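With our numbering as the guide, the letters of the sequence shown map in order to residues 235 to 784.
Idealized CB from N, CA, C, for every residue including glycine.
Because the structure is a prediction, the values reported are computed rather than measured.
Report on one structure; see the data block that follows.
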Amino acid sequence: MPGNKQSQKLQAMNLSARFSSSPVGVLSRIALCLMALQFGPSAQAIDADPAIPRFDILEYDVEGNTRLSDVDIEQAITPFLGEGKTLQDVEAARGALEAAYHKAGYLTVLVSIPEQKVDDGNVRLRVIEGQIERLRIKNAEFHSSSRIKQQLPELAAGKIPYFPEVQRQLEALNRSADLKATPVLKAGRSPGLVEVQIEVDDDLPVHGSLELNNRQSPNTTPTRLSGSLRYDNLWQLGHSASLNFQSSPEKTDEVRMVAGTYVMPTDDRGNALVMYAVISRSKFASLAGSPGLGMLGNSNIYGTRYAMALPGLENFTHSLSLGLDYKDVKQTVVVAGSSELPTPITYVPLVAAYNSNWLGNASTTSFDATATLGMRGLLGNNEAEFAGKRQGASADFLALRGGLLHTESIGRWSLAGKLDLQFASGPLVSNEQFSAGGAESVRGYQESERVGDRAVRLAFEMRTPKVNLMKAGEPLWLSGLAFYEGAKLWTMQPVYPQPSTQLLRGAGIGLRLAGKHGLSFDLDLARALDNADMTRSGDLRVHSRLLWNF
């Protein structure tokens, strides 16, 4: 029988291995690393001499186990019990038991065969459950080392790591776009111990964007300027705070909007509490289709959501969020610049939203659904305000909205299809209606030219392969596209001359240009195929956007 000297020699090996936080990287590379850290001998060649020592094995005595059940151990070693066994059978039993630990997720557990005499049918196997000796964090610049350690409790000193949980914790840690953590494992200073070093590559967690586009709404100037700024590691706790703005630079009093969002993670599984506020001020020279009428709009919206990451599959993720909004909308219709007709409304709807994403070999599919529920008397929801805002509207309402997007790669080309739906229980106030028209709805029209209570929107887009316009240096990617989009809207209990149904359709071509440092430019030329408030059938419209992400 092999003795402990060879075992101790193997224990003293300075073995290290790097592995990624992906499922394959974590499990396969650590397994390869630790298989070399055998505390017992490998299977040895048996002399071809026919006089091979044989003995009976009636029982295996497993020492040091705290992780596997008796049933699991019996299933691993029972095939190697019986009469006339050899040293090779003992080694096979050792390997099978060790493999059972690894299959169960305990990759630092090793099994050895201590020096012994087998004269009573009893063979001893020794389990060495490798513990973490210490956890070190290296090269963390913008993220706290102590916080990173807190996010990896399964690698704390003294733990016998369960690697499916290690993998999950690493994936949660690497969820941040500003931090990538790579573990390095090596043998500890004492037999049976493992040292873990987390090598960190992190960036300053500040992100932002600046955008100039021509997303013109009816009777306003064409240009819009918007921007955002976000910090993703407040208090070294992974909290995120962001600020957004939008304005109309040609006439700043037409559109002014400021929004703030705060995201507070509640655990390492992707759950978070979200709070936000949107403050908007607008002034339209005249209402669409109503010369002589203007609109002054002041709205304050405050909301909260609790977002929950639901259990998913390898290529499927989904989440659920629940919350409510407080909407204080003070709109005033101005008649010929003199008399004013205020139509204020304050209400609190309950909101539930579901989102899912599925990644295929050559396709991606996403689905989202949102339910908005208004209840009379809930936190001040007033029936009279709803009736004053729109004839037939009620504080008791339900609006259901859903969207399905599928993108399929066809060689280097891609084809995308998008379906949006909205169902309403009755006439809705303007804040809850479905709007159609614009760069992200139906191109060829101004933003939100048409609104309705119920709606369906269908869009198709084909994209060409990307072409690098630069011969050397940083790439500059150009691609083309063609699209067809349409939306049909239904207005419940319309007031003359308001139509009960409206149709918008548009088709066209476009270009996408993407360069270095987050710069991109979108350009679409669309032809309207139906009449709307501000657009006639056959009109051409250019939609453009210059974006800088940092």
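Excluding five sequence neighbours on each side, which residues of the same chain lie with their C-beta closer than 8 Å to the C-beta of ARG770?
Along the sequence shown, read from residue 1 onward, the residue named residue 770 stands at position 536. These residues qualify, in order along the chain: ALA762.
Tell whether a beta-carbon distance below 7 Å holds between TYR560 and VAL585.
Your numbering for residue 560 matches position 326 in the sequence shown. Your numbering for residue 585 matches position 351 in the sequence shown. Cβ atoms of TYR560 and VAL585: not closer than 7 Å.
Kindly indicate which three-state DSSP category PHE784 falls into: helix, strand or coil?
Here residue 784 corresponds to residue number 550 of the sequence shown, with the count starting at 1. If DSSP states are grouped into helix, strand and coil, PHE784 belongs with coil.
Does the stretch 429–440 come close enough to the stretch 409–420 to have 3 or more Cβ pairs within less than 8 Å?
Yes, they touch.
Using a Cβ-Cβ cut-off of 7 Å (strictly less than) and excluding sequence neighbours within five positions of ASP687, which residues of its own chain qualify?
Along the sequence shown, one-based indexing puts residue 687 at 453. Around ASP687: ALA658, PRO661, LEU662, GLN667, TRP724, THR725 and MET726.
So, at 6 Å on beta carbons, what are the nonlocal neighbours of HIS777 in its own chain, with the 5 sequence-adjacent residues on each side left out?
Indexing the sequence shown from 1 puts residue 777 at position 543. Excluding sequence neighbours, HIS777 sits near ALA673, ARG677 and ASP758.
When the Cα of THR606 is compared with those of ILE579, ALA621 and GLY636, which residue comes out closest?
Numbered from 1 along the sequence shown, position 372 holds the residue referred to as residue 606. Considering only alpha carbons, the answer is GLY636.
Can you tell me whether ARG368 is helix, strand or coil according to DSSP?
Looking up residue 368 in the sequence shown gives position 134. Correct three-state label for ARG368: strand.
Confirm, please, whether the CB-CB distance from ARG449 to ARG458 is below 7 Å.
If you number the sequence shown from 1, residue 458 lands on position 224. If you number the sequence shown from 1, residue 449 lands on position 215. Yes; because the gap between Cβ atoms is below 7 Å, this pair is in contact.
For ILE286 and ARG328, I'd like the C-alpha separation in whole angstroms.
As a working mapping, residue 286 is identified with position 52 in the sequence shown. As a working mapping, residue 328 is identified with position 94 in the sequence shown. Cα to Cα, ILE286 sits roughly 20 Å from ARG328.
Compute the Euclidean distance between the alpha carbons of LYS337 and LEU404, then round it to the nearest angstrom.
Within the sequence shown, the letter at position 103 stands for residue 337. Within the sequence shown, the letter at position 170 stands for residue 404. Near 19 Å, if we compare the C-alpha coordinates of LEU404 and LYS337.
Look at the alpha carbon of MET768 and the alpha carbon of GLY651, and state the distance between them as a whole number of angstroms.
The residue given as residue 768 occupies position 534 in the sequence shown. The residue given as residue 651 occupies position 417 in the sequence shown. Going from the Cα of MET768 to the Cα of GLY651 covers about 27 Å.
Under a Cβ-count criterion, where at least 16 other Cβ atoms within 10 Å of its own Cβ denotes burial, should VAL563 be classed as buried or exposed?
Indexing the sequence shown from 1 puts residue 563 at position 329. Answer is buried; the Cβ neighbour count reaches 16.
In whole angstroms, what is the alpha-carbon distance linking ILE311 and GLY546?
Within the sequence shown, numbered from 1, the residue matching residue 311 stands at position 77. Within the sequence shown, numbered from 1, the residue matching residue 546 stands at position 312. Between ILE311 and GLY546, the C-alpha separation is close to 35 Å.
So the candidates are GLN309, PRO699, LEU692 and THR599; which of them puts its Cα closest to the Cα of PHE717?
Residue numbering aside, residue 717 sits at position 483 when the sequence shown is read from its first letter. If we check each option's Cα against that of PHE717, LEU692 comes out closest.
Quick one: grab the DSSP three-state call for GLN309.
Counting from 1 along the sequence shown, the entry for residue 309 is found at position 75. Looking at GLN309 - three-state DSSP - the assignment turns out to be helix.
What does the Cβ neighbour count give for ALA282, buried or exposed, with the cut at 16 atoms within 10 Å?
Counting from 1 along the sequence shown, the entry for residue 282 is found at position 48. Note on ALA282: pLDDT 44, under 50, position unreliable in the model; the coordinate value appears next. ALA282 comes out exposed.
So ASP436 and PHE376 are supposed to be a Cβ contact under 8 Å. How far apart are they, rounded?
Counting from one through the sequence shown, the residue named residue 436 turns up at place 202. Counting from one through the sequence shown, the residue named residue 376 turns up at place 142. About 5 Å; that satisfies the 8 Å criterion.
Is ARG675 helix, strand or coil when you go by DSSP?
Here the question's residue 675 lines up with position 441 in the sequence shown. The sequence shown places Ser at residue 675, not Arg. Reduced to three states, the DSSP call for SER675 is coil.
By alpha-carbon positions, which one of LEU613, SER590 and LEU612 ends up nearest to ASP602?
The residue labelled residue 602 in the question sits at position 368 within the sequence shown. Selected option, being the one with the closest Cα: SER590.
Which residue marks the beginning of the beta strand (DSSP E) containing LYS652, and which one marks its end?
The sequence position of residue 652 within the sequence shown is 418, counting from 1. Element bounds for LYS652: 647–658.
I need the straight-line Cα distance from SER643 to MET696, nearest angstrom please.
Here residue 643 is taken as the residue at index 409 of the sequence shown, counted from 1. Here residue 696 is taken as the residue at index 462 of the sequence shown, counted from 1. Rounded to the nearest angstrom, the two C-alpha atoms are 10 Å apart.
How should ALA406 be labelled, buried or exposed, when 16 other C-beta atoms within 10 angstroms of its C-beta is the threshold for buried?
As a first step, residue 406 is located in the sequence shown; it is residue number 172 there, counting from the start. Counting Cβ neighbours within 10 Å, ALA406 comes out buried, since at least 16 surround it.
Closest to VAL361 by CA distance: which of SER380, LEU341 and GLY355 is it?
If you number the sequence shown from 1, residue 361 lands on position 127. Measuring from the Cα of VAL361, the nearest candidate turns out to be LEU341.
Which residue spans inside the stretch 443–506 form an unbroken beta strand (DSSP E) run of at least 3?
The qualifying runs are 458–468, 473–481 and 489–499.
Give the DSSP-derived three-state secondary structure of TYR335 in the structure shown.
Residue mapping note: residue 335 aligns to position 101 of the sequence shown, counting from 1. Three-state result, TYR335: helix.
Quick check on this structure: which residue in ASP290, VAL345, THR320 and SER628 has the alpha carbon closest to the alpha carbon of ARG301?
For the purposes of this step, residue 301 is identified with residue 67 of the sequence shown, where counting begins at 1. The shortest C-alpha separation from ARG301 is found at VAL345.
To the nearest angstrom, how far is it from the Cα of LEU477 to the Cα of ARG409?
Mapped onto the sequence shown, residue 477 falls at position 243. Mapped onto the sequence shown, residue 409 falls at position 175. The alpha-carbon atoms of LEU477 and ARG409 are separated by roughly 22 Å.
When the distance is taken between beta carbons, is LEU655 closer than 7 Å to VAL690?
For the purposes of this step, residue 690 is taken as residue 456 along the sequence shown, with counting starting at 1. For the purposes of this step, residue 655 is taken as residue 421 along the sequence shown, with counting starting at 1. Yes, the pair counts as a contact, with Cβ atoms nearer than the cut-off.
Name the one or two DSSP bridge partners that GLU433 has.
Numbered from its first residue, the sequence shown carries residue 433 at position 199. In DSSP, GLU433 forms a bridge with LYS372 and THR416.
Assuming GLY614 contacts PHE631 (C-beta within less than 8 Å), just tell me the rounded distance between them.
Your numbering for residue 614 matches position 380 in the sequence shown. Your numbering for residue 631 matches position 397 in the sequence shown. Incorrect: roughly 15 Å between the Cβ atoms, too far for contact.
Give every residue of the same chain whose Cβ lies closer than 7 Å to the Cβ of SER250, excluding the five residues on either side of it in the sequence, and list them in chain order.
Sequence index remark: in the sequence shown, residue 250 carries index 16 (1-based). Because SER250 sits at a pLDDT of 30, beneath the cut-off of 50, its placement in the model cannot be relied upon, and the point is left open.
Quick check on the DSSP output: the beta strand (DSSP E) that includes ILE644 runs from which residue to which?
Looking up residue 644 in the sequence shown gives position 410. That run of the beta strand (DSSP E) goes 631–644.
Does the Cβ of ASP764 have 16 or more other Cβ atoms within 10 Å, making it buried, or fewer, making it exposed?
Residue mapping note: residue 764 aligns to position 530 of the sequence shown, counting from 1. Result: buried.
Does ASN765 come out as helix, strand or coil in the three-state DSSP assignment?
Locating residue 765 in the sequence shown gives position 531, where the first residue counts as 1. In this structure, ASN765 counts as coil in the three-state DSSP scheme.
Can the beta-carbon of LYS489 be found closer than 7 Å to that of VAL497?
As a working mapping, residue 489 is identified with position 255 in the sequence shown. As a working mapping, residue 497 is identified with position 263 in the sequence shown. Note on identity: in this sequence residue 489 is Val, with Lys being the wrong assignment. Taking 7 Å as the Cβ cut-off, VAL489 and VAL497 do not qualify as a contacting pair.
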